[in-house]
Structure formats: C-alpha cells, structure tokens
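Asker: Dropping a structure here in structure tokens format, bear with me for questions.
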Amino acid sequence: MESQLWMTWGSVLVSLFACLATTAKDFLPYTIRSFLMRRWRTVVEVFNPYVDIRIDELSGEWLRYSLAYGSIETYLANTSSTRARKLKGRMDKDSHNLILSMDEYEEVTDDFHGVTVWWTSGKSMNRSQSFSFYPSPDEKRFYKLSFHKRHRKLVVDSYMKHVVEEAKVIEARNRRRKLYTNNPKMDDHSYRTKLWSHVPFEHPATFETVAMDANKKNKIIKDLDFFKNSKEYYRRIGKAWKRGYLLYGPPGTGKSTMIAAMANYMDYDVYDLELTSVKDNTELRKLMIETSSKSIIVIEDIDCSLDLTGSRKKKEEEEEEEEKQEKKKGVGGRLSRGKDESRVTLSGLLNFIDGLWSACGGERLIIFTTNHIEKLDPALIRTGRMDRHIEMSYCCYEGFKVLAKNYLGLEWHELFKEVRRLFEVDQVQVAPADVAERLMAEALDEKEEENRTCLRNLIEFMEKAKEEKMKKETAGEGDRGKNTEEEDGASVSESDHKD
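Using the UniProt record's numbering, the letters of the sequence shown map in sequence onto residues 1 to 499.
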C-alpha cells in the first residue's frame with residue numbers, strides 16, 4: 001500500500017509539472033527550462049522511486065505478435081488465477097487445458113527472491129486517422145511491470161529470464177503433443193508450402209504396456225532420464241544435446257510401439273521423416289532447422305528408405321552403362337532421373353545426424369528402425385550417431401506376462417506353465433504382435449472361458465510354430481547330409497580317375 005501511494009503521488013506530480021511546463025514554455029528561456037527540468041526529475045525520483053517496463057502485445061514495423069508478451073501472459077496465468085479478481089479464459093488449438101489470464105486493468109503482485117513486483121494489464125485506444133495498407137488494430141494490449149529502482153539489476157538480469165523460462169515449462173505442460181510428417185516439395189515454385197504438417201499425437205503406448213524384458217526396459221528408462229537431465233553435462237563436454245537410438249529386429253517386435261512409449265515418457269513431439277520425399281541434402285537441412293526442441297526425429301525402415309550404402313554409386317554406374325549400351329544399339333535410352341527422385345546422399349544424412357546443423361534446437365532424440373541391421377552402412381550406426389543399439393527381439397515369457405495383463409487382465413493362470421515351457425524350454429520364436437493377436441478377447445459370456453480360449457489359441461499357435469521350426473531344422477540336416485554324400489561321391493570318383 002505504501003509503494004502504491006508513492007506511485008500515485010509521483011504520477012500526480014508528473015502531471016502537475018507537465019501542465020506548468022506547457023504554460024511556462026512560451027515566456028521562460030530555454031536554459032532556465034532545461035535547468036528546471038533536471039531539478040524536477042530529481043524531485044520526482046524522490047517521490048516516485050519506481051520503474052515501469054511496458055511490454056506491448058504487438059511490436060515492430062509490421063505489428064507482429066510479441067513473443068515476450070506471450071511468455072508473460074503464460075507466466076501470469078498461474079499467478080493471476082489465484083490472486084487476480086477478474087480473469088478471462090481461452091482454449092488454444094494446441095492446448096488441452098483452459099488457459100486463464102488477467103482481464104484488462106487488473107493488477108497482481110509477484111515475489112522473486114524477497115523482492116515484490118507489480119504486473120498490470122491494460123490497453124490503449126488507437127486514435128490515428130492516417131491511411132495505411134497495414135492498419136493497426138483499434139486496441140493495443142500491454143503489460144506493465146513496476147518495481148523499485150534499487151532492484152533494477154535483479155529484475156532486468158534475473159527476474160525477466162525467470163519469467164521466460166517458467167513460461168516455457170508451463171507451455172510444455174499445457175500443450176498438446178504433435179505428430180509431424182514432412183510435406184513433399186512438388187516443384188521449385190512451392191517455397192510457400194510448409195515443410196511439416198501435423199496432427200495431435202495421441203498414441204496410448206507406455207513403457208508399462210511394452211512387451212519386453214523388465215531389466216532391458218529399465219535400462220532404456222534410465223538412459224532417457226539421464227539424457228533429459230544432462231543439459232549442463234552435454235554443454236560441459238562440448239556435445240550437442242541429442243541422442244541416437246537404433247531399434248532393430250524382426251517385423252512385429254514393437255519398434256514403433258517403443259517409439260510411442262519413449263515419446264509419451266519424455267513428453268516430446270514426434271517428427272516422422274519420410275526420406276523418399278526429401279528432394280536433396282539442402283532440403284534435409286531445412287527440415288532439421290524447422291524441428292523444435294524436445295522432439296523425436298524418426299526414420300523408420302531406414303534400410304528401405306533410400307539406397308544409402310556404398311553400393312548406391314556402383315548401381316548408378318551400372319545404370320548409366322546400360323543406358324549407353326542401349327543408345328549404341330539404337331534403342332531409346334531410359335529417361336533421365338525425374339525431378340521427384342530423392343538426391344539425399346549418405347554424407348548428407350550423416351551431417352543431418354551429427355553435423356553442425358544437428359545442434360540447432362537442442363534436446364532431441366534421433367531414432368532409426370530397421371529389420372535388417374546388416375544392410376546398414378557402418379558409418380551410419382556407429383557410436384556418436386546411434387549411441388544405443390536396442391534389439392527388439394521375439395517375445396519372451398516376461399513379455400508375454402505384460403501382454404496377458406494388458407489384454408486379459410491376468411497376472412496368473414494355470415495355462416501360464418505351458419506357455420512358459422514353450423518359450424523357455426522349446427525356444428519357440430513368435431513376435432509380440434502375433435502373441436497380442438491371439439490374446440485379443442473374444443465376445444464370450446464367461447470371463448474365465450474367455451481367458452482360457454485366448455490362452456489356448458496362443459498355445460496352439462506356438463505349437464504350430466514349434467512344428468514348423470522342427471521341420472526346417474530336419475530339412476536343413478537332410479540337405480547337409482545330401483551335400484556330404486555328394487562330396488564323398490565326388491571324392492571317390494576323383495580318386496578312381498586318378499587310379
């Protein structure tokens with residue numbers, strides 16, 4: 001109350017002096033007016049030792065929305081919701097919570113390291129009648145921050161930075177996460193087209209629902225926790241704040257589900273990059289720049305996306321040689337490469353992963369998936385690019401128990417013993433997707449009968465998989481025995497020929 005009284009008296013004195021200056025400017029010499037102005041500022045500072053900072057909603061020559069204003073509005077949403085008397089609410093398209101903010105001409109206080117500051121919201125009316133191709137709005141909203149002049153350094157250097165950082169945390173908590181995909185560039189005149197389009201990311205997968213060995217799952221979670229809390233560590237060792245994961249294994253082993261679980265655990269956006277629609281390395285860098293922090297960049301089935309191995313150059317040389325031969329024979333050669341064919345190279349992709357451009361934004365994961373790790377170039381998956389190689393293997397007994405709990409709500413059943421024998425003793429290899437399909441509940445009247453039927457379906461499927469495995473092994477042994485007999489026969493014939 002005392003500070004507000006000082007601010008009120010200061011405003012009155014300033015207004016009084018303005019009236020006197022306007023009246024006396026016609027008959028007082030300039031030197032006397034300047035002297036009085038300097039003395040009057042000293043008097044005003046005694047009565048009003050408070051500093052005001054005004055942040056307008058629209059700023060710049062083109063009156064664009066101010067990011068600083070948005071950060072302050074987000075920060076004050078928490079404070080104003082508990083302290084302000086008049087509030088207004090809105091719901092953004094990218095948010096799933098109602099956002100509250102101060103109404104016009106409302107005031108709230110905030111404390112920072114024992115220092116009290118005052119936030120006031122207001123708006124000014126535009127009375128300009130000038131003609132313009134870009135007319136300004138009739139109302140201009142703003143926030144005004146007031147504080148004692150002795151705290152100027154603390155407020156400017158620390159408090160304002162605190163407001164911006166807290167606003168980022170609040171926005172991340174309230175925002176709706178997104179799933180992005182890159183848009184194909186149709187022609188050279190499509191520069192106005194957005195590089196990424198998005199939909200809300202609503203995949204329900206979590207680490208609790210991922211069918212995987214518990215120890216292996218915990219190691220992944222610890223690795224993610226370490227990465228998320230290691231901003232200063234990465235800065236100290238001089239590395240970009242990113243981490244690469246390579247998920248490899250047979251189809252149906254849950255690679256995409258693992259990515260969704262990681263995104264939900266980290267609360268990151270997902271950028272699903274389709275390499276075949278990227279025109280060249282330059283466009284690839286532009287896509288990297290447009291990705292946000294706290295995100296996962298995914299390239300699924302990277303061994304099928306593009307031919308990025310050393311054989312690519314050889315293949316192109318062979319095609320060019322074939323084209324020359326066809327022209328010599330008088331046959332129309334094949335058409336030159338189309339404009340839509342991707343020109344992304346292995347070198348461009350490597351720079352995308354850990355080159356200079358990879359440090360733009362910070363705090364991101366880069367994930368590759370593949371069914372055939374042996375097909376990938378070693379330079380692409382070495383440590384430093386793909387920091388962790390995670391094998392998504394066939395389902396095990398621990399993974400089965402997770403799926404049984406998810407699909408059937410069972411933690412134990414008498415048929416679990418038979419399932420365990422097939423997994424651990426007979427070493428039956430089935431993908432988690434196949435197990436989940438057999439556990440899908442059927443519309444039966446009795447719950448116990450439903451569970452038994454689903455488990456029986458799974459056991460029959462695994463028995464068939466076991467029989468097929470044995471047949472392949474038997475056929476393989478037969479082929480090896482036949483080859484051995486042929487080799488022995490060839491050796492005998494050769495020895496007879498020598499004799």
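Yeah, the Cβ is synthetic: ideal placement off N, Cα and C, and Gly gets one too.
Thr257: buried (16+ other C-beta within 10 angstroms of its C-beta) or exposed?
Answerer: buried
Asker: Does chain B have any CB closer than 7 Å to the CB of Asp52?
Answerer: Although the question refers to chain B, the structure presented lacks it and comprises just one protein chain.
Asker: Where does Pro200 sit, in a helix, a strand or coil, going by DSSP?
Answerer: strand
Asker: Do Gly361 and Thr253 have their CB atoms nearer than 7 Å?
Answerer: no
Asker: From which residue to which residue does the alpha helix (DSSP H) around Phe416 run?
Answerer: Per DSSP, Phe416 belongs to the alpha helix (DSSP H) from Phe416 to Arg420.
Asker: Keeping to the same chain, check which residues put their C-beta closer than 6 Å to that of Tyr463; ignore five residues upstream and five downstream.
Answerer: In the sequence as presented, Tyr is not what sits at residue 463; that position holds Glu. Correct list: empty, nothing qualifies.
Asker: Do you know how far the Cα of Tyr394 is from the Cα of Arg456?
Answerer: Taking the straight line joining both Cα atoms gives about 20 Å.
Asker: What separation, rounded to the nearest whole angstrom, lies between the Cα atoms of Tyr180 and Glu274?
Answerer: 11 Å
Asker: When DSSP labels each residue in this structure, what does Tyr394 get in the three-state scheme?
Answerer: coil
Asker: Could you tell me which residues DSSP puts in a beta bridge with Ser121?
Answerer: Tyr143
Asker: Express the C-alpha separation of Glu450 and Asp267 in angstroms, rounding to a whole number.
Answerer: If you take the alpha carbons of Asp267 and Glu450, they lie about 36 Å apart.
Asker: Consult DSSP for Asn218 and reduce its assignment to one of helix, strand or coil.
Answerer: helix
Asker: Which class does Ile55 belong to by DSSP, given the choice of helix, strand or coil?
Answerer: strand
Asker: Would you report the Cα separation of Thr206 and Phe142, rounded to the nearest angstrom?
Answerer: For Thr206 and Phe142, the distance between alpha carbons rounds to 42 Å.
Asker: Could you pull the DSSP bridge partners for Asp272 from this structure?
Answerer: Thr181 and Val298
Asker: Report the option in Lys123, Met160 and Tyr65 whose CA atom is closest to the CA atom of Asp111.
Answerer: Met160
Asker: Can you give me the C-alpha to C-alpha distance between Lys222 and Ala211, rounded to a whole angstrom?
Answerer: 18 Å
Asker: Pull up the distance between the alpha-carbon of Ala260 and that of Arg452, whole angstroms please.
Answerer: 31 Å
Asker: Return the CA-CA distance between Asp56 and Val298, expressed in angstroms with no decimal places.
Answerer: 39 Å
Asker: Is any heavy atom of the ligand ATP found at a distance shorter than 6 Å from the C-beta of Ser358?
Answerer: Judged by which ligands are present, the structure shown has none, so any question about the ligand ATP falls away.
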